[in-house]
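Working notes for the structure below.
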Amino acid sequence: MAARPITAKDRAAVKRLHAKGMSRNDIARAIKRSPSTVSKLAAELGLAFDRAPQVAAATAARKADLAERRAAFAERLQDIAEREADKMHAPTLYWEWGGKDHRYAEKMQPEPTPADRRAIMSTLATAVDRSLKLVPPKDDGAAESRSVIGDLMAGLAANYLARHGKPPAEYEEPEAADDDGP
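Right under this line is the structure:
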C-alpha cells in the first residue's frame, strides 16, 4: 500500500495546530497522520517541537517537591528516634501470658532490660541514619573558613612580595630559654 501524499491542507493544519501549542503527537492524531509525517512537515515549515524549557521547569518543580517530601519524612524519622531515646530510661511494663493455667501477669520495671535497650538503640540508630541520608546536614562552614584564612594569608604574602620584592621569611619558633642559667 502506497503512502498517502502530503497535501497543502496537511501543511496548513500542521502550521495552525502548532501555533496553538499542540504537541507533535496531538497534531498527528488531529490530522490522522503519523507523528513522523508531522515531524517532516514541521521541519519543512521551519517549526520545532522543542519543549526543553517546559521539561526543565517541570523537572525542577518535581525535584523541589521530592526534596520537600524527603525533608518531611526525615523529620518523621527524627521524631521516631527521639521517642525511642525517651524509652531508654523510662519505666517499662513487661507482661507474660502462659503457664499451665494460662494466666496473665505483668510487672513494671524502672527501665528496660539491657536486651530491650539494645533493641531500642538499634531502632534509634536506624531512624537517625535514614533521616541523615534523606537530608544530609549542611556543611558547618569550617572548610570555607579555612579557605578564607588561606586566601587571606596568600594575599598578605603577595602584598609583602609586591612591597619588598621578595617573599616573607619563614617563621621560626624562638628557642626556649635554658632554665639552667649561666
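So the sequence shown is residues 246 to 427, counted in the working numbering. By construction, the Cβ of each residue, glycine as well, lies at the ideal position given by its N, Cα and C atoms. As the structure is a prediction and not an experimental result, all values here were calculated from the model.
Asked, Found
"Pair within 7 Å by beta-carbon distance, I251 and L262", "no"
"The region 307–321 touching the region 376–385, judged by at least three CB pairs closer than 8 Å", "yes"
"Ordered list of beta strand (DSSP E) runs contained in the region 295–354, each at least 3 residues", "337–343 and 348–354"
"Start-end ranges of the beta strand (DSSP E) lying completely within the region 256–298, minimum 3 residues", "none"
"Distance, A247 Cα to D310 Cα", "50 Å"
"Cβ-based neighbour list, A330, same chain, cut-off 6 Å, excluding 5 preceding and 5 following", "L369"
"Where K411 falls: helix, strand or coil (DSSP)", "coil"
"Whether P357 touches T337 by CB criterion (7 Å)", "yes"
"Contact set for Y362: own chain, Cβ-Cβ below 7 Å, skip 5 residues either direction", "The question names Tyr, yet the displayed sequence has Arg at residue 362. Same-chain partners within the cutoff: M333."
"L397 burial status per 10 Å Cβ neighbour count (16 or more: buried)", "exposed"
"Collapsed DSSP secondary structure at K383 in the structure displayed", "coil"
"Cβ contact (3+ pairs, closer than 8 Å) linking the region 283–299 and the region 255–270", "yes"
"Outcome for I229 when other beta-carbon atoms lying within 10 angstroms are tallied against a minimum of 16", "A question about residue 229 goes unanswered here, because the residues of the chain that appear run from 246 up to 427."
"Simplified DSSP state of P510, which is helix, strand or coil", "Lying outside 246 to 427, the shown extent of the chain, residue 510 is not represented and no answer is given."
"Beta-carbon proximity of V373 to A326, cut-off 7 Å", "yes"
"Which of helix, strand or coil DSSP assigns to I394", "helix"
"A370 in three-state terms, based on DSSP", "helix"
"C-beta atoms of R375 and L292 nearer than 7 Å", "no"
"Three-state secondary structure assigned by DSSP to R249", "coil"
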